[in-house]
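Letter 92 of the sequence shown, counting from 1, is numbered 77 in my numbering, and no numbers are missing.
Cβ coordinates follow ideal geometry from the N, Cα and C atoms, glycine included.
Have a look at the structure below before the remarks.
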Amino acid sequence: QSGEQGKVMAAFGELGKVCADCHLETMVKVQQKYHWMDLGEVKATDPLTKEEVNFTTFKQYLSSSFSGISVDLQEGQIENALKQFEGFNARFQTLKDTCGDCHGTSERKYYVDESVQAMINKLGRALKNPSSLNPEQVQKLMMGIGIESCGKCHLVHVPAALAKLRWTK
């Protein structure tokens, strides 16, 4: 009412501090409660077993297939490594669909996008040609998949899921 710009801005600053303090304390909880679904409610149909499982179990299956590639290669079981790869690739396709259920229909530009699929395809080609199999190349591809897909997704989703779980208890 005074019309004095300095007093108005000082009062606005005090009011803004109240908002900022509340946002700092509650914004993450509110966003995760109302805008992040509970990953425990997510289901996926495993393409290998054909059973519908919770997302945690599905990711364990996916991880097992991925790890199995390395284990079988280390044991010299190239044919088994290729089977593990085929299972991993099939499960990765289901992962892409499952991610799309929450993230809408727009093209993924991270975690499960074409750049990750290109690494997976290259890994498959390497495993299908055992006479020229290069263990260093396979390891590099697997590390790239792990960093660009698994690791980056976990950086976003795991802290949020664990925080939401803690806050809802």
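{"query": "In terms of alpha-carbon separation, which member of Arg76, Ala111, Ile132 and Val143 lies closest to Asp31?", "result": "Arg76"}
{"query": "May I have the straight-line CA-CA distance separating Ser(-13) from Ala(-5), to the nearest angstrom?", "result": "13 Å"}
{"query": "Closer than 7 Å by C-beta to Val101: which residues in its own chain qualify, once you throw out the five before and the five after it? Chain order, please.", "result": "Ile130, Glu133 and Ser134"}
{"query": "Of the choices Ser50, Gln17, Val97 and Gly109, whose alpha-carbon is the least far from that of Leu80?", "result": "Val97"}
{"query": "Just verifying my parser: in three-state terms, what is the DSSP assignment at Asn119?", "result": "coil"}
{"query": "Between the Cα of Gly85 and the Cα atoms of Lys68, Ala145, Ala29 and Ala66, which residue gives the shortest distance?", "result": "Ala29"}
{"query": "Less than 8 Å between the CB atoms is what I'm expecting for Phe70 and Leu126, so what's the real figure, rounded?", "result": "That pair is no contact at about 10 Å."}
{"query": "Let's see if you can read the secondary structure: which residues bound the beta strand (DSSP E) around Asn114?", "result": "Looking at the DSSP string, Asn114 is not in any beta strand (DSSP E), and its letter there is neither H nor E."}
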